[in-house]
Amino acid sequence: MGGLGTLLFLLGGLGALAHVCEITEVDSTLVERLGQRLLPWMDRLSPEQLNPSIYVGLRLSSLQAGAKEAHYLHSLKLSYQQSLLRPASSKDGNDSEAKPSMGQLALYLLALRANCEFVGGRKGDRLVSQLKRFLEDEKGAIGHDHQGQPRTSYYQYSLGILALCVHQKRVHDSVVGKLLYAVEHEQHLLQDHVSVDTMAMAGMAFSCLELSNLNPNQRNRINLALKRVQEKILKAQTPEGYFGNVYSTPLALQLLMGSLRPTVELDTACLKAKAALQASLQHKTFQNPLMISQLLPVLNRKSYVDLISPDCQAPRALLEPATETLPQTQVPEFIDVVLKVSGISPSYRHSVSVPAGSSLEDVLRNAQEHGRFRFSTQASLSGPFLTSVLGKKAGEREFWQLLQAPDTPLQQGIADYRPKDGETIELRLVGW
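Residue numbering for the sequence shown is -18 to -1, 1 to 414, as defined by mature numbering (1 follows the signal peptide of the UniProt record, and there is no 0).
What follows is the structure, given as structure tokens:
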């Protein structure tokens, strides 16, 4: 049996077994509502708003968006091919359109694979070469002694390896070796509260490499690293049942439900996580399109690793736009939120009055319109993130952390988090 045939046989065998980490029963109405939240985003086709993760999430889900999907993929192809394949400096001197990051390019390659396409031809080869260059640059930033850090993150580094792997594109052993070393010496990987996301993505990259056997010289280290990743994710489970937090749990389950290393601890942890995730669906916790796109595959017992051999003929229910009854017009209730800025001098503290249900971004805008507060943001696939506050721009290895005073990190971004009356929100400039 050839290499690809062996791989498909292994995948088929895995699919025949129901894994305890798979969510086998879920309210179809709740899943449909999640999909409906993605539909408006599929009409946003400007380059800065296109999000390959939305397409990947839908293709791996039990839902489909009909003609919108084909149109969205076409828009992705035009945007990514034009931005990556044009010369570094255009003749008209207009360099306003930034090229996609390593993570964005990796997600685009996953989107192609979700449509059962392999990258190929001259344009495809250039895309693959670009992603490999990204990884080589990051490998150089980490350094021979492993004392450095990627310019982006180990999350994007892992995503890049995974994207190339599902396209059966091999990366050099030394590139894989940097990620293996980071997992083996976890202080290089676990730097903040989002480490479960990073571990899960690294684990999926290793799972793909293990199944495809693209780096046979690293096979033993990959096997041990996968075991270590699984152990670390299980240790990160909260009393409520989440792995890290509610938003990192879908990626963790994507990894764990494909585990070839079942244990009693894994079974117990996954049962608890599934119950917590089901409860979060009832409470409409997931609003952000990126988070929804990572959750939908889990609710269909799929993961990014399934893109090695995607099933593009599987039946999927057609999504219809949501029809919501508009509430009767009433005078909005207002809440008071205290906005605090720390980590710079002088500090800032001010009370802001906004309509109930406003996002943190609304609070910041209100403070800017009615006082001396100033802020700026940058678009990302998970929504806008703060780049500067009161004129202070986060420097290299710095970021503006969002906290519910005194020291509780927010699990959502400024566009998704909705403060409560009397709450104090702190924006703190921190290093990493």
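Idealized CB from N, CA, C, for every residue including glycine. Keep in mind that this is a model prediction, so the values were computed, not measured.
### Task
Quick one: measure Cβ to Cβ for Ala93 and Tyr37, integer angstroms, because I've assumed they're closer than 8 Å.
Separation of the CB atoms of Ala93 and Tyr37 is rounded to 5 Å, and the pair is thereby assigned contact status at 8 Å.
### Message
For Ser327 and Arg410, what's the separation of their Cα atoms in angstroms?
### Response
Within the model, the alpha-carbon separation for Ser327 versus Arg410 is close to 12 Å.
### Message
Am I right that Leu162 and Gly185 are in contact with their C-beta atoms under 8 Å? What's the rounded C-beta distance?
### Response
Not quite, the Cβ-Cβ distance comes to about 12 Å (not below 8 Å), so this is no contact.
### Message
Check whether the region 25 to 36 and the region 267 to 282 touch, using three or more Cβ-Cβ pairs below 8 Å as the test.
### Response
Taking a cut-off of 8 Å on C-beta distances, the region 25 to 36 touches the region 267 to 282, as three or more cross pairs fall below it.
#### Entry: Anticipated Cβ contact below 8 Å, Asp398 with Gly365, distance rounded
The pair is a contact, with the Cβ atoms about 7 Å apart (cut-off 8 Å).
### Task
Please work out which residues of its chain come closer than 6 Å, Cβ to Cβ, to Asn197, disregarding the five sequence neighbours upstream and downstream, and give them in chain order.
Apart from the 5 residues on each side of it in sequence, Asn197 sits with its Cβ closer than 6 Å to the Cβ of Asp155, Val158 and Leu191 in its chain, given in chain order.
### Query
Going by DSSP, what residues sit across from His332 in a beta bridge?
Answer is Leu321, bridged to His332.
### Task
With DSSP collapsed to three states, give me the class of Lys374.
The answer is strand: DSSP assigns Lys374 an E or B state.
### Beta-carbon separation (whole angstroms), Glu408 vs Leu385, contact threshold 8 Å
The Cβ separation is near 4 Å, so the contact holds.
### Message
Less than 7 Å between C-beta atoms, sequence neighbours within five positions excluded: which residues of the same chain meet that for Tyr286?
### Response
Same-chain partners within the cutoff: Leu92, Leu144, Met186 and Gln236.
### Task
Could you tell me the distance, in whole angstroms, from the CA atom of Tyr62 to the CA atom of Asp344?
Rounded to whole angstroms, Tyr62 to Asp344 spans 31 Å at the Cα level.
### Message
Which of the three DSSP states is assigned to Asp77 in this structure?
### Response
Since pLDDT at Asp77 reaches only 44, below the 50 mark, its modelled position is unreliable, and the value read off the structure follows with that caveat. Looking at Asp77 - three-state DSSP - the assignment turns out to be coil, as it is neither helix nor strand.
### Message
For Cys3 and Phe316, I'd like the C-alpha separation in whole angstroms.
### Response
Going by the C-alpha atoms only, they are around 43 Å apart.
### Query
Does the distance from the CB of Gly226 to the CB of Ile215 come in under 9 Å?
Contact check for Gly226 against Ile215 passes: the beta carbons are separated by less than 9 Å.
#### Entry: Expected contact under 8 Å - CB spacing of Gly39 and Leu300 to nearest Å
At roughly 16 Å, the Cβ-Cβ gap does not stay under 8 Å, so Gly39 and Leu300 are not in contact.
### Message
Any beta carbon from chain B within less than 9 Å of Lys322's own beta carbon?
### Response
The displayed structure is made up of one protein chain only, and chain B is not part of it.
### Message
If I follow the unbroken beta strand (DSSP E) through Gln350, where does it start and stop?
### Response
First-last for Gln350: Leu342 to His352, but that is the alpha helix (DSSP H), not the beta strand (DSSP E).
### Message
Considering only DSSP beta bridges, list what Gln358 is partnered with.
### Response
Correcting the residue type first, residue 358 is Ser in the shown sequence and not Gln. In DSSP, Ser358 forms a bridge with Ser370.
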